[in-house]
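Asker:
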Amino acid sequence: MTDPASIRVSVLGAGVMGSGIAQVTAIAGYPTVCYDIDAAALAAGREHVQTGRFGVAGAVERGKLTREEADAALARLTFTDTFEAAAAVDVVIEAVPEKLDLKIKVFRDLDRLAPAHTILASNTSGFPIQAIAAATDRPGLVVGWHWASPAPVMKLAEIVRTSVTADATIATITDMATRCGKHPVVVNDTASSWGFVANRVYFAMIREAQRVVEEGIATRDQVDQLMTDCFRWPAGPFGMVRGAGSGWS
Ligand SMILES: NC(=O)c1ccc[n+]([C@@H]2O[C@H](COP(=O)([O-])OP(=O)(O)OC[C@H]3O[C@@H](n4cnc5c(N)ncnc54)[C@H](O)[C@@H]3O)[C@@H](O)[C@H]2O)c1
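Sequential numbering from 0 applies to the sequence shown in numbering that gives the first Met the number 0.
Here you go:
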């Protein structure tokens with residue numbers, strides 16, 4: 000495994016996912032810069048990392064991190080509104096809103112400014128990675144790295160490879176995901192549908208839950224109660240949708 004101190008990471012977007020991802024990579028030892036276009040989002044992201052429900056202060060209180068480890072992680076993590084600083088790294092993890100045109104623009108800009116060796120990973124929930132990679136002149140260095148919310152807690156690392164993603168790109172990202180304490184699983188890109196494995200299966204369940212409610216069989220709360228009691232899920236389908244949007248705060 001490569002020494003994390005030698006891999007500079009940036010996370011684009013300091014929202015629900017980006018701030019949590021940046022926290023995780025910093026704790027894992029990667030010098031990390033978190034970028035956002037919105038000053039309020041940057042301030043909120045910093046607060047989430049420091050004192051949020053899944054932030055480092057709570058991790059120290061729960062005995063998951065020592066005070067020294069938390070301080071070292073915070074020293075490794077900076078927040079910026081300068082795109083050039085976010086591009087000048089070895090691995091970028093993009094976590095801007097789920098809009099394909101926005102992601103394509105961000106990847107085009109990154110491709111222009113980032114060093115030629117820089118890996119560009121997207122935390123898209125389901126857009127084809129090949130559509131994002133096509134915006135760049137480095138498709139072999141573009142990969143999906145799908146995290147789950149809350150990023151500091153959930154083990155998901157759905158690594159999405161296109162037909163041209165380089166083996167070395169996959170090796171670097173799976174190594175990083177493992178160092179971040181996640182369980183990397185490499186899957187193939189989707190050609191036309193939205194979602195890879197986790198979200199396709201999850202949204203099939205959500206659609207069925209909505210049909211049950213529309214048919215008057217049960218209320219949303221009843222569906223949630225039944226599914227948590229039946230399968231020991233931490234939340235029912237409707238609770239999961241609410242939690243994902245709010246970062247479970
Ligand atoms: N919320 C979840 O549970 C979840 C889980 C897995 C993946 N995702 C994916 O992660 C991505 C981000 O989702 P989120 O829930 O964190 O969204 P969010 O709205 O909480 O955060 C997005 C952030 O991106 C910032 N932003 C907008 N345009 C930008 C730009 N051009 N450059 C940099 N930052 C910009 C916004 O100011 C905002 O702070 C989406 O693709 C989403 O589908 C979300």
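Every residue, glycine too, gets a C-beta built ideally from N, C-alpha and C.
1. Below 7 Å between beta carbons: does that hold for Thr161 and Asp188?
2. Helix, strand or coil: which one does DSSP assign to Ser121?
3. Just to confirm the assignment: which complete alpha helix (DSSP H) runs, minimum length 4, are found wholly within the region 113-181?
4. Any heavy atom of ligand 1 closer than 6 Å to the beta-carbon of Gly14?
5. On the three-state DSSP scale, how would you describe Pro183?
6. Report yes if the C-beta of Thr123 is less than 6 Å from at least one heavy atom of ligand 1; otherwise report no.
7. Express the C-alpha separation of Asp174 and Gly12 in angstroms, rounding to a whole number.
8. Quick one: is the Cβ of Asp35 within less than 6 Å of any heavy atom of ligand 1?
9. Where do the ends of the alpha helix (DSSP H) carrying Leu41 lie?
10. What first and last residue would you give for the beta strand (DSSP E) that runs through Glu93?
11. Whose CA, out of Ile131, Leu155, Asp80, Phe230, lies closest to the CA of Leu41?
12. Is Leu64 near ligand 1 - that is, is its Cβ less than 6 Å away from at least one heavy atom of it?
Answerer: In this structure, then:
1. Asp188 sits close to Thr161, with the two beta carbons spaced by under 7 Å.
2. If DSSP states are grouped into helix, strand and coil, Ser121 belongs with the strands.
3. Counting whole runs of 4 or more residues, the region 113-181 contains the alpha helix (DSSP H) stretches 128-132, 166-178.
4. Yes.
5. Taken through DSSP and simplified to helix, strand or coil, Pro183 comes out as strand.
6. Correct: Thr123 has its Cβ closer than 6 Å to ligand 1.
7. A straight line joining the alpha-carbon of Gly12 with that of Asp174 spans about 23 Å.
8. At least one heavy atom of ligand 1 is nearer than 6 Å to the Cβ of Asp35, so yes.
9. That run of the alpha helix (DSSP H) goes 38-50.
10. Here the beta strand (DSSP E) through Glu93 covers 90-93.
11. Looking at Ile131, Leu155, Asp80, Phe230, the one whose alpha-carbon comes closest to that of Leu41 is Asp80.
12. Not so, every heavy atom of ligand 1 lies at least 6 Å from the Cβ.
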